[in-house]
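J.: Numbering (mature numbering (1 follows the signal peptide of the UniProt record, and there is no 0)), first residue to last: -15 to -1, 1 to 169.
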Amino acid sequence: MHLLLSAGLLATVLGALTQGEGLTRRQTETLNEAQNDWAKDTGTVSDFLSNAASFTGATLVAHATTALNAEKDELNHKAVLDAFFSGANANPLITTANNVLVGEGTFNVVVQRLQEFVDHGLTFTTDDTNTVVGIINEVRCNEVLPAIDQYFLATESVVNNGIQLLAVRPTNCPAGGLKKKSEL
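In structure tokens, the structure reads:
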């Protein structure tokens, strides 16, 4: 049985139970909300990638559009964490992860390929879908999601809520695509 809580409710509950060392209640809530919403967005994209081969035509495009919007929304949550972890709160995990996502352009590869589904998905064959999903998952499972895990690890280290989030993986990550955080 899975219990689903909205990210806002979860952040409120966690904020009431614990507050990070040296953080205001609002900072703790903001950081928790950012990471929880980011995790939710990674789940939306991973769900699409796990199931894309079962969609065709307009259904494929509709699901791809939802995934693309979630992927783009991830940047909003990243920005919240980037803002906190700059200056006096600098964290080497964030520096490394940001380099993977932005410096190496891996995040943009995922956005571009999801856009390909939106723009051309009406004419995609199952083979086309599987090819693009494979390209996305190669980058996303090996680079993007482990980098997001680093953001979550850094966030947990300051909010001290005892909950270590991991970015949600698609069920069809390639073999070896589940890098451990220590391998980044």
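The beta carbon of each residue, even a glycine, is placed where N, CA and C say it ideally should be.
Secondary structure at Arg98, three-state DSSP: helix, strand or coil?
T.: DSSP places Arg98 in helix when its eight states are reduced to three.
J.: Would you kindly work out how many angstroms separate the C-alpha atoms of Val(-3) and Arg10, rounded to a whole number?
T.: Confidence in Val(-3) is poor, its pLDDT being 40 and thus under 50, which makes the residue's placement unreliable; the coordinate value appears in the next sentence. So the alpha carbons of these two residues sit roughly 12 Å apart.
J.: Less than 6 Å between C-beta atoms, sequence neighbours within five positions excluded: which residues of the same chain meet that for Ile79?
T.: Excluding residues within five positions, the ones whose Cβ falls inside 6 Å are Phe70, Ala139.
J.: Can you name, in chain order, every residue of its own chain whose Cβ lies under 6 Å from the Cβ of Glu59, other than the five neighbours on each side?
T.: If we look at Glu59 and ignore the five residues flanking it on each side, its Cβ neighbours are Trp23, Asp26.
J.: Is it true that the stretch 30 to 50 meets the stretch 61 to 76, where meeting means three or more beta-carbon pairs spaced less than 8 Å apart?
T.: The stretch 30 to 50 vs the stretch 61 to 76: no contact.
J.: Can you give me the start and stop residues for the alpha helix (DSSP H) that Arg10 sits inside?
T.: Here the alpha helix (DSSP H) through Arg10 covers 10 to 36.
J.: Using beta-carbon positions only, say whether Gln20 and Leu99 come within less than 9 Å of one another.
T.: For Gln20 and Leu99, no; Cβs fall outside 9 Å.
J.: In three-state DSSP terms, what is Lys165?
T.: Reliability fails at Lys165, whose pLDDT of 44 lies under 50, so the model's placement of it is uncertain and no value is given.
J.: Would Thr41 and Phe109 qualify as a contact pair, given that the criterion is a beta-carbon distance under 9 Å?
T.: Closer than 9 Å, so yes.
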